[in-house]
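To start, the structure itself, in structure tokens.
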Amino acid sequence: MGASIAEGGLDDDEDYAEAHEINVTPFIDVILVLLIIFMVAAPLSTVDLPVNLPTSSATPQKKPDKPTYVSIKADLAVAIGETMVKRVDLVRTLDNTPNITKDSFIFLRADRAVPYGDLMDVLEILRVGGFTKIKLVALEGVPDAQSVPAAANAAKP
């Protein structure tokens, strides 16, 4: 609380007048620190399951605020977000997850080392379970020369 001295003499009978103003400087400092913390923490709140995704040259599309990721790791383990699930429990777990309906988009991420047949098995499990809106996730950018199959290079005129 602030105080000001009234103009005039300094008599013992005079009381100090109180200043009725709030000092907002510390409040603004706290808000700025919180803003910086949230700006740094927001990118870290995405899925953190290590998956070596292939690259794609397709134009990136806008994703929803809270996407549902189903990931297939290199060891063929399946996860919803960061929670590991068995393949037989995949649809049941998605059905029991709040805010996920049969009309929700499922973003499927598969490691580069996952065989095509295992990827198709998970797609079939999701399709039979009623989840037909599935989007495949890849890294943005042009694929490097090592990942382009030799047959694709041979087919070019």
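Numbering (this note's numbering), first residue to last: 1250 to 1406.
For each residue, glycine too, the CB sits at the ideal point set by N, CA and C.
Note that the structure is predicted; figures quoted are calculated from it, not measured.
Please go through the same chain and pick out, in chain order, the residues whose beta-carbon is closer than 7 Å to the beta-carbon of residue i, but skip the five residues on each side of it.
i: Val-1386; result: Leu-1302, Phe-1356, Leu-1357 and Arg-1358
i: Met-1333; result: Ala-1326
i: Thr-1342; result: Ile-1329 and Val-1334
i: Val-1397; result: In this prediction, Val-1397 scores a pLDDT of 49, lower than 50, which makes its location untrustworthy; the coordinate-derived value is nonetheless stated afterwards. Nothing meets the Cβ criterion.
i: Lys-1351; result: Gly-1379 and Phe-1380
Taking the alpha-carbon of residue i as reference, which of the options has the nearest alpha-carbon?
i: Ile-1349; options: Ala-1323, His-1269 and Thr-1381; result: Thr-1381
i: Ile-1321; options: Thr-1304, Pro-1364 and Leu-1281; result: Pro-1364
i: Pro-1190; options: Asp-1278, Pro-1292, Glu-1270 and Glu-1331; result: What the structure shows of the chain is the stretch from 1250 to 1406, and residue 1190 is not part of that stretch, so it cannot be assessed.
Since residue i contacts residue j with CB under 8 Å, what's their CB separation in whole angstroms?
i: Arg-1336; j: Ile-1286; result: With 8 Å as the limit, Arg-1336 and Ile-1286 do not qualify as a contact, their Cβ atoms being about 39 Å apart.
i: Lys-1384; j: Phe-1354; result: 6 Å
i: Asp-1370; j: Ala-1323; result: 15 Å between Cβ atoms; not a contact.
Just curious, the alpha helix (DSSP H) that residue i is in, first and last residue?
i: Arg-1376; result: 1365 to 1377
i: Phe-1287; result: 1274 to 1290
When every heavy atom of the ligand FMN is checked, does at least one fall within less than 6 Å of the C-beta of residue i?
i: Glu-1373; result: Looking at this structure, you won't find the ligand FMN or any other ligand, since it has none at all.
Who are the near neighbours of residue i in its chain, counting only those whose CB is closer than 6 Å to its CB and skipping five residues on each side?
i: Leu-1388; result: Leu-1302 and Thr-1304
i: Val-1319; result: Ile-1329, Ile-1355 and Leu-1357
Beta-carbon of residue i versus every beta-carbon of chain D: anything under 7 Å?
i: Asn-1301; result: Structure shown: chain D not included; a single protein chain is present.
CB-CB under 8 Å to residue i, same chain, minus the five flanking residues each way: which ones, in chain order?
i: Pro-1313; result: Phe-1354
i: Val-1247; result: Summary: the structure shown does not reach residue 1247, with the chain confined to residues 1250 through 1406, and so no result is reported for it.
i: Thr-1346; result: Thr-1317 and Ile-1329
Could you spell out where the beta strand (DSSP E) holding residue i opens and where it closes?
i: Thr-1342; result: Note, Thr-1342: premise wrong, no beta strand (DSSP E); alpha helix (DSSP H) at 1339 to 1345.
i: Arg-1358; result: 1355 to 1359
i: Leu-1302; result: Neither: Leu-1302 is in no beta strand (DSSP E) and is coded neither H nor E.
i: Leu-1325; result: No beta strand (DSSP E) contains Leu-1325, which DSSP labels as neither H nor E.
i: Ile-1349; result: Careful: Ile-1349 lies outside any beta strand (DSSP E) and carries neither H nor E.
i: Thr-1332; result: 1332 to 1334
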